[in-house]
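Step one of this worksheet: look at the structure below.
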Amino acid sequence: MPTSSSSAPSADQLLVLLEVARSGRFTTAARSLGLTHTTVSRNISALERALGGRILVRGSDGWALTALGERAARAAEGVAESLARLAADEPADPVAGVVRMSTTDGFAAYVASPAVAALRQDHPELAVEIVTVTRQAAQHRSGVDIEVVVGEPAVNRGRALHLGGYELGLYASPDYLERHSIPATIEEAVRHRLVYFVDSMLQVDELDVPRRLLPGIRDAVTSTNVFVHVEATRAGAGLGLLPCFMADRHPDLVRLLRAEIHQRLPYWAVVHPESWRRPAVAAVVGGLRQQMTEQQDAMYGR
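Here's what the structure looks like:
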């Protein structure tokens, strides 16, 4: 894939840009395309000269597209789709290729995974990469097509879509309750210890629930991973503030103070500008919405 010396952008340069935009890394793009890091860098530099401006800026999570880069990436998507159709023996399924998404641990396991599995039955050329993290949506984040976050995001670029919601409840193991007594009021619950997120590392305001519902409660086990919350609560470490759709799967967890301690939180998807025109991305978002609808009762702990 040589670098063009012409003043006009080449298809090769656009395809290199598209892979960098999807991965956020020159090295990852190089591996995907079978090129060297240097060749990728030269193609990006040549494309910037051809277009007369910067197409990439370095962000906290890798390379992100500028406004000019977004326009070039949209053109690159058209080139990639045309080449795919040309190479295919029959009309290509547009729901194909790699879709990259970031989301929380619980959503990834119980919503995204079955949604992707269902989609792949009809679209076997679709692949989805899921990175789990609990954070706010970013204004400029590269390397992902879809971010699923807790709480309504404030983003200027891309589009935010409400996927549905879930409920947090207070849980404990029967063994723990036998050893420590069953709290009958908020005041009694606060005397126990809590299993929840690491407060100093919590990046999502909507998840700062204990300070309001359980003022003054002290920590027992804290983690950035919600599966740790569930397992620590099952093991009897303390009272866990857990998503109902995860906790209710375990018969050895008992929900406490249902009327007093319940918090509903929304899931939102942020689709980034360069990803909007890809049918595969739209299909994944649709699959996530459908899965949330099908699991609505479980999400709200009914």
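Position in the sequence shown counted from 1, then plus 15, gives you our numbering. C-beta: ideal position from N, C-alpha, C; glycine also. Computed from a predicted structure; not experimentally measured.
First and last residue of the uninterrupted beta strand (DSSP E) at residue i
{"i": "residue 299", "result": "From DSSP, residue 299 is part of no beta strand (DSSP E) but of the alpha helix (DSSP H) over 294-309."}
{"i": "residue 117", "result": "112-118"}
{"i": "residue 177", "result": "174-187"}
{"i": "residue 145", "result": "141-147"}
{"i": "residue 271", "result": "269-271"}
{"i": "residue 71", "result": "71-74"}
{"i": "residue 79", "result": "77-80"}
{"i": "residue 161", "result": "161-165"}
Sub-7 Å separation of residue i and residue j beta-carbons
{"i": "residue 62", "j": "residue 30", "result": "no"}
{"i": "residue 50", "j": "residue 34", "result": "no"}
{"i": "residue 252", "j": "residue 210", "result": "yes"}
{"i": "residue 267", "j": "residue 188", "result": "yes"}
{"i": "residue 132", "j": "residue 118", "result": "no"}
{"i": "residue 121", "j": "residue 300", "result": "no"}
{"i": "residue 142", "j": "residue 302", "result": "no"}
{"i": "residue 144", "j": "residue 115", "result": "yes"}
{"i": "residue 208", "j": "residue 249", "result": "no"}
Among the options, nearest to residue i - alpha-carbon criterion
{"i": "residue 191", "options": "127, 254 and 232", "result": "254"}
{"i": "residue 304", "options": "161, 246 and 222", "result": "161"}
{"i": "residue 146", "options": "290, 163 and 294", "result": "163"}
{"i": "residue 135", "options": "307, 277 and 110", "result": "110"}
{"i": "residue 113", "options": "28, 237, 249 and 44", "result": "44"}
{"i": "residue 278", "options": "206, 226, 120 and 302", "result": "226"}
{"i": "residue 108", "options": "276, 122, 139 and 297", "result": "139"}
{"i": "residue 280", "options": "174, 125 and 224", "result": "224"}
{"i": "residue 273", "options": "315, 293 and 230", "result": "315"}
{"i": "residue 96", "options": "271, 276, 293 and 297", "result": "293"}
{"i": "residue 202", "options": "238, 276 and 137", "result": "276"}
{"i": "residue 199", "options": "91, 270, 66 and 310", "result": "270"}
{"i": "residue 82", "options": "64, 92 and 70", "result": "70"}
{"i": "residue 93", "options": "298, 64, 310 and 291", "result": "291"}
{"i": "residue 231", "options": "243, 237 and 206", "result": "206"}
{"i": "residue 59", "options": "263, 295 and 24", "result": "24"}
{"i": "residue 57", "options": "72, 28, 73 and 46", "result": "28"}
{"i": "residue 123", "options": "311, 317 and 306", "result": "306"}
{"i": "residue 125", "options": "297, 264, 296 and 295", "result": "264"}
{"i": "residue 319", "options": "246, 229 and 228", "result": "The shown model of the chain, from 16 to 317, leaves out residue 319, and the question about it has no answer."}
{"i": "residue 87", "options": "313, 311 and 68", "result": "68"}
{"i": "residue 298", "options": "54, 194, 137 and 229", "result": "137"}
{"i": "residue 177", "options": "91, 308 and 312", "result": "308"}
{"i": "residue 228", "options": "185, 159 and 194", "result": "185"}
{"i": "residue 296", "options": "173, 55 and 52", "result": "173"}
{"i": "residue 98", "options": "26, 46, 66 and 221", "result": "26"}
{"i": "residue 90", "options": "193, 204 and 66", "result": "66"}
Terminal residues of the alpha helix (DSSP H) in which residue i lies
{"i": "residue 284", "result": "Taken as a continuous stretch (DSSP letters only), residue 284 belongs to no alpha helix (DSSP H), being part of the beta strand (DSSP E) at 277-286."}
{"i": "residue 206", "result": "That residue, residue 206, is in no alpha helix (DSSP H); it is neither H nor E in DSSP."}
{"i": "residue 32", "result": "26-38"}
{"i": "residue 262", "result": "259-262"}
{"i": "residue 244", "result": "241-249"}
{"i": "residue 59", "result": "52-66"}
{"i": "residue 43", "result": "41-48"}
{"i": "residue 137", "result": "128-137"}
Does the segment 165-176 come into contact with the segment 282-296, if we say contact requires no fewer than three beta-carbon pairs (one atom in each stretch) closer than 8 Å?
yes
Is the segment 247-260 touching the segment 181-188, taking contact as three or more C-beta pairs under 8 Å?
yes
Hey, which unbroken runs of the alpha helix (DSSP H) at 4 residues or more fall wholly within the segment 209-239?
225-228
Whether or not the segment 34-44 and the segment 71-79 are in contact is what I'm after, with contact meaning three or more pairs of Cβ atoms, one per stretch, closer than 8 Å; do they touch?
yes
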